[in-house]
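A.B. asks: In the numbering used here, the protein residues as written are 266 to 508.
All C-beta atoms, glycine included, are put in the ideal place defined by N, C-alpha and C.
All of these numbers come straight from a predicted model, not from anything done at the bench.
Take a look at the following structure, please.
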Amino acid sequence: MNSVPQSKSSWGVRLNTGFHQSFHSPSSSKEIPTWTVGYYRDEWQNKRGVVVWDDQTQIMECLWASDALKLLVKLRETETWRTEGIPIVRRFRRYKTSEPPKVRRGGKKAKGAATPEPTEPPKEDKPEYEDTDEERIRLMPPANLEFFAFLQEHEARLKEMAEQDKKRADDAMHQVYDILIQTAREHEVSEIDLSARPLPWVAVTSRIDWWCKSEINGDRIGQKAGSGKAPRARERDVSAIYS
């Protein structure tokens with residue numbers, strides 16, 4: 266994209282911590298840009314991360330804390346950005362395109378030539394994806410220097426935010442696994458038939474388990490016997506009764 270050097274009043278950077286707290290660079294206005302509507306307005310006010318905008322192109326982009334930290338590491342390792350500017354990119358995933366295999370054309374078949382055995386059709390490849398970076402904004406001098414200083418100033422806060430984001434993502438993934446396991450067990454319970462079993466089984470719907478009710482030495486399992494040595498109820502997982 267064609268980038269235009271930013272003047273002091275034509276760009277801005279804002280750090281949203283997600284706790285109704287925000288920080289701005291020295292030359293950034295603390296007022297929301299007048300050209301923002303809809304998505305951009307919500308992003309500037311509420312989206313967690315480093316929000317960068319360019320008033321001339323009217324483009325806004327938000328970096329996750331982890332992405333802002335990765336960018337800071339790159340800036341420390343190179344010096345070209347001081348003259349070429351800092352690209353603010355958006356990463357997205359797309360299908361990886363591949364060229365179709367070339368078909369070899371054969372000539373006329375000679376007399377007496379053996380007929381080739383039919384080959385199995387080629388297996389269909391699974392779709393592959395690739396990550397692509399799209400440059401949205403390029404911060405040219407002096408905006409790039411101020412942006413670099415802004416990231417350094419808030420590095421500790423960005424690290425804390427990145428850890429919080431990772432924990433939230435892990436917790437969300439664990440919840441998904443729990444739901445999948447719960448659904449699988451509910452399906453097992455709905456399919457199982459214990460009517461032919463010699464001992465009576467009772468479903469415990471709150472736990473998606475089954476209890477086997479039987480009597481041992483006159484005491485019923487599942488009830489507290491008079492003596493403290495009587496066997497207590499055992500909850501068995503559905504998988505245990507398939508054997």
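Which runs of the alpha helix (DSSP H) at least 4 residues long sit entirely within the segment 304 to 360? Give them in chain order.
C.D. replies: The segment 304 to 360 contains these whole alpha helix (DSSP H) runs: 330 to 342, 346 to 349.
A.B. asks: Ile324 to Arg279, Cα distance in whole Å?
C.D. replies: The alpha-carbon atoms of Ile324 and Arg279 are separated by roughly 14 Å.
A.B. asks: Please classify Glu399: does DSSP put it in a helix, a strand, or coil?
C.D. replies: Three-state result, Glu399: strand.
A.B. asks: Does the distance from the C-beta atom of Glu395 to that of Arg359 stay below 8 Å?
C.D. replies: In this structure, Arg359 lies closer than 8 Å to Glu395 by Cβ.
A.B. asks: Which same chain residues, not among the five before or five after Ile515, have their C-beta less than 8 Å away from its C-beta?
C.D. replies: Given a span of 266 to 508 for the chain in the structure shown, any question on residue 515 remains unanswerable.
A.B. asks: When we look at the beta-carbon of Trp300 and count the other beta-carbons within 10 Å, is it buried (16 or more) or exposed?
C.D. replies: By the 10 Å Cβ count, Trp300 comes out exposed.
A.B. asks: Suppose you measure from the CA of Trp329 to the CA of Gly303; what does that come to, to the nearest Å?
C.D. replies: For Trp329 and Gly303, the distance between alpha carbons rounds to 20 Å.
A.B. asks: Go to Phe284, then tell me how far its beta strand (DSSP E) extends in each direction, as first and last residue.
C.D. replies: First-last for Phe284: undefined, no H or E at that position.
A.B. asks: So the alpha helix (DSSP H) Glu411 belongs to, where does it begin and stop?
C.D. replies: It spans 408 to 418 - the alpha helix (DSSP H) in which Glu411 sits, taken as one unbroken run.
A.B. asks: State the beta-bridge partners of Leu280 as determined by DSSP.
C.D. replies: DSSP, once it has assigned bridges, lists Phe288, Val315 as partnering Leu280.
A.B. asks: Rounded to a whole number of angstroms, what is the C-alpha to C-alpha distance between Glu428 and Ala437?
C.D. replies: Taking the straight line from one Cα to the other gives about 14 Å.
A.B. asks: Which value, in whole angstroms, describes the spacing of the CA atoms of Phe415 and Glu399?
C.D. replies: Distance between the alpha carbons of Phe415 and Glu399: 23 Å.
A.B. asks: Nearest chain C C-beta to Gln447 closer than 8 Å, yes or no?
C.D. replies: No chain C is part of this structure, which consists of one protein chain only.
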